[in-house]
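In our numbering, the protein residues as written are 50 to 410.
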């Protein structure tokens, strides 16, 4: 039976331990990691909701984080990191969930000192959910796409120096866009979740124009930022899709789709544990050379599924936290010991958490 491997529980081959560091509760919606100050370790940027300001947290190299004291936008929802001005360091784009605050761009001086851009993106009256830096028009600089609440996505094109102009193209509100290289060219494509309807693939022609080439009906499909993991899980040279559904009230089985190499996907029939308002991230968590999946849940324990490089996954048996309403999280080697750790952002019910991978200990 195709679902048998997915449901099998095995003795964990990896372990995670929670950091002793205690963070102040900040209603974090999303966390992103990058070496912001150029010292060789991963720092963190958090988008924090309610009256909390966004934060820049600097790593000491051992996975201990200190607030830099810089205050980014309050009511921050989405955050994305990347070099938008071409100076070799990572800058910040952060959306705001309020209807009277705009998306903001912060330029890095290379030492994690950030200066807010004076550019107005014209979205002062929109509520921004998430932002992603993607080279949409294939001109070798990072553009960005903003998911607005009850308003079509905004696509902003970069001139290579961090000045953006709004594209005439957009995508309908309510859809969930996930980005990947889904066929055999070098252009970023879109895997789209349409709540209550299913999934769709749109291929990029190299100029930022997208055409639909595949659709799949699935009435259990739900909205959920970053709830699809796109990666080459079966080692055949194309990117597949691990799909989590479920919302903040209901949990739904996850599914695995393989890619034919041209952007058309096939439901393998494999079913996994039920997730709740899940976010996904991919990495080799047990250092066996194959991609694994870390899934965060909302008031439900976070999970790790181990891949074998052939498109099969086994439940690691690990269940991390679960007492809080987790939203965004990121994977990275926070303590510089050669394995991937997790920086978990908790939106409600608890403070942020760091979980160290003890694989190499």
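Note that beta-carbon positions come from the ideal geometry of N, C-alpha and C, so glycine has one too.
Between the C-alpha atoms of residue i and residue j, what's the straight-line distance to the nearest angstrom?
i           : j           : result
residue 197 : residue 144 : 9 angstroms
residue 407 : residue 218 : 46 angstroms
residue 139 : residue 95  : 14 angstroms
residue 186 : residue 220 : 15 angstroms
residue 134 : residue 320 : 43 angstroms
residue 318 : residue 300 : 18 angstroms
residue 52  : residue 341 : At residue 52 the pLDDT is 41, less than 50, meaning the model places this residue with poor confidence and gives no usable figure here.
residue 308 : residue 206 : 29 angstroms
residue 129 : residue 123 : 15 angstroms
residue 176 : residue 236 : 29 angstroms
residue 151 : residue 363 : 43 angstroms
residue 396 : residue 324 : 17 angstroms
residue 371 : residue 148 : 31 angstroms
residue 265 : residue 315 : 9 angstroms
residue 405 : residue 170 : 38 angstroms
residue 303 : residue 158 : 42 angstroms
residue 136 : residue 258 : 28 angstroms
Which residues bound the beta strand (DSSP E) around residue i?
i           : result
residue 181 : 177 to 183
residue 80  : 77 to 83
residue 126 : 125 to 131
residue 44  : Absent from the model: residue 44. The displayed extent of the chain is 50 to 410, so no value can be given.
residue 359 : Unbroken run through residue 359: none, as it is neither H nor E.
residue 226 : 225 to 229
residue 280 : 277 to 280
residue 395 : 390 to 397
residue 328 : 328 to 332
residue 93  : 92 to 97
residue 320 : 314 to 324
residue 341 : 341 to 345
residue 165 : 163 to 165
residue 247 : 247 to 253
residue 104 : 102 to 108
residue 153 : 153 to 157
residue 150 : Premise fails: residue 150 is in no beta strand (DSSP E) and is neither H nor E.
residue 271 : Residue 271 -> no beta strand (DSSP E), and no H or E assigned at all.
residue 381 : 374 to 381
residue 236 : From DSSP, residue 236 is part of no beta strand (DSSP E); its letter is neither H nor E.
residue 384 : Run containing residue 384: none; DSSP gives neither H nor E here.
residue 21  : Given a span of 50 to 410 for the chain in the structure shown, any question on residue 21 remains unanswerable.
residue 304 : 301 to 308
residue 174 : Counting along the chain, residue 174 falls outside any beta strand (DSSP E), and DSSP gives it neither H nor E.
Would residue i and residue j qualify as a contact pair, given that the criterion is a beta-carbon distance under 8 angstroms?
i           : j           : result
residue 225 : residue 210 : no
residue 330 : residue 278 : yes
residue 385 : residue 393 : no
residue 90  : residue 108 : yes
residue 113 : residue 76  : no
residue 288 : residue 230 : yes
residue 411 : residue 119 : Outside the modelled stretch of the chain, which goes from 50 to 410, sits residue 411, for which no answer is possible.
residue 204 : residue 216 : yes
residue 377 : residue 80  : yes
residue 125 : residue 78  : yes
residue 467 : residue 121 : Residue 467 cannot be examined here, being either before or after the span of the chain that is shown, 50 to 410.
residue 193 : residue 142 : yes
Rank the options by C-alpha distance to the C-alpha of residue i and give the top, closest one.
i           : options            : result
residue 379 : 111, 205, 92       : 92
residue 70  : 99, 97, 79, 116    : 116
residue 98  : 131, 332, 179, 283 : 179
residue 246 : 156, 228, 268      : 268
residue 213 : 65, 261, 153       : 153
residue 399 : 72, 136, 141       : 72
residue 255 : 249, 232, 244      : 232
residue 334 : 324, 356, 316      : 356
residue 181 : 244, 346, 127      : 127
Excluding the 5 residues preceding and the 5 following residue i in the sequence, name in chain order all residues of the same chain whose CB lies nearer than 7 angstroms to its CB.
i           : result
residue 336 : 388, 408
residue 86  : 92, 107, 160, 161
residue 281 : 287, 288, 289
residue 200 : 175, 222
residue 270 : 242, 243, 244, 245, 246, 247, 248, 294
Can you name, in chain order, every residue of its own chain whose Cβ lies under 6 angstroms from the Cβ of residue i, other than the five neighbours on each side?
i           : result
residue 348 : 374
residue 368 : 350
residue 24  : Beyond the ends of the chain as shown, which are 50 and 410, falls residue 24; an answer cannot be given.
residue 358 : 284, 339
residue 305 : 291, 317, 319
residue 59  : The predicted model places residue 59 with a pLDDT of 47, which falls under 50 and marks its position as unreliable, so this point remains unresolved.
residue 311 : 232
residue 345 : 328, 351, 375, 378
Say whether chain B places a C-beta atom closer than 8 angstroms to the C-beta of residue i.
i           : result
residue 350 : Chain labels in this structure do not include chain B; a single protein chain is all it has.
Which same chain residues end up closer than 8 angstroms to residue i when comparing Cβ atoms and leaving out the 5 residues on each side of it in sequence?
i           : result
residue 403 : 67, 68, 70, 112, 114, 383, 390, 391, 392, 393
residue 273 : 225, 242, 293, 294, 295, 296, 326, 327, 328
residue 260 : 251, 252, 254
residue 191 : 131, 132, 133, 182, 183, 184, 207
residue 166 : 153, 154, 155, 156, 211
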